[in-house]
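A quick write-up on the structure given underneath.
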Amino acid sequence: DTGVSQDPRHKITKRGQNVTFRCDPISEHNRLYWYRQTLGQGPEFLTYFQNEAQLEKSRLLSDRFSAERPKGSFSTLEIQRTEQGDSAMYLCASSLAPGPVYEQYFGPGTRLTVT
Amino acid sequence: AQSVTQLDSHVSVSEGTPVLLRCNYSSSYSPSLFWYVQHPNKGLQLLLKYTSAATLVKGINGFEAEFKKSETSFHLTKPSAHMSDAAEYFCVVSEADSNSGYALNFGKGTSLLVTP
């Protein structure tokens, strides 16, 4: 079990640029989640995938955000025309479903700084 | 709607004394409740989970939490704090609603400081 990995760990970009983050979940996990965590706050849900299907998106996920999981394995999160308010830690988590209760395993996160 | 409220944003204890981190929840369905810990520059780690079985849940590193439905609480405790327990702790709720995909709803966190 290699755990959830995310790449890059840190990203500094200028306002208006596009950025893309990658998440590799635990290999047998069929659900994948993206969260955003701003300073001093708990993570907030953005979106999740069951296999390759994106089944839910939070209202926090504006039109500038897009997420994909093309083969039901790794996922990418792209932010277009970044704004300073996008500066945050972006967390990926994965889990195995179905089941009445289960926990999500989190990656180390990608810290985005928009200057 | 589901949410959690962590009643203290900061808690300070002396090493060797008990720890109490308070959490109240609000949920329309049968909730699943978790406590996660986040050490500086490290990923979120699950401490323990409530699975609608035993109301007293034991987790890692000596932590426990008790689910009290009548009080809608899920407080985290540890009999004796260790310096390595200093971290950010998050109370988390998830509802058994397939439409939500079991998305986790995090509280704002409690920062635990342990002094020598």
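Top line first, the protein sequences correspond to chains A and B. With the numbering used here applied, the first sequence covers 25 to 139. With the numbering used here applied, the second sequence covers 13 to 128. Note that CB positions come from ideal geometry on N, CA and C, so glycine has one too. Treat the numbers as computed from the prediction; the structure is a model and nothing was measured.
#1: Does the beta-carbon of V138(A) have 16 or more other beta-carbons within 10 angstroms, so that it is buried, or is it exposed?
#2: How many Å lie between T84(B) and L60(B) at the Cα?
#3: Please determine, among V28(A), G27(A) and T44(A), the residue with the shortest C-alpha to C-alpha distance to K35(A).
#4: For the beta strand (DSSP E) holding E78(B), just list the boundary residues, first then last.
#5: Along the chain, where does the beta strand (DSSP E) that runs through D97(B) open and close?
#6: Output the distance between the C-alpha atoms of F98(A) and G74(B), rounded to the nearest integer angstrom.
#7: Can you give the Cα-Cα distance for G119(B) and N42(A), rounded to whole angstroms?
#8: From which residue to which residue does the beta strand (DSSP E) around A117(A) run?
#9: Under a CB-based cut-off of 8 Å, is A115(B) close to chain A?
#10: Determine whether the Cβ of S15(B) lies closer than 8 Å to any Cβ atom of chain A.
#11: Counting only the same chain and skipping the five closest in sequence on each side, list residues whose C-beta sits under 7 Å from that of E164(A).
#12: Could you give the distance in angstroms between the alpha-carbon of M95(B) and the alpha-carbon of P128(B)?
Taking the structure as given:
#1: Buried, because 16 or more other Cβ atoms sit within 10 Å of the Cβ of V138(A).
#2: For T84(B) and L60(B), the distance between alpha carbons rounds to 17 Å.
#3: T44(A)
#4: Note, E78(B): beta strand (DSSP E), E76 to K80.
#5: D97(B) -> no beta strand (DSSP E), and no H or E assigned at all.
#6: 34 Å
#7: 30 Å
#8: A112 to S119
#9: yes
#10: No - not a single Cβ of chain A is within 8 Å of the one on S15(B).
#11: Past the edges of chain A, shown from 25 to 139, lies residue 164(A), and the structure says nothing about it.
#12: Those two C-alpha atoms are separated by around 7 Å.
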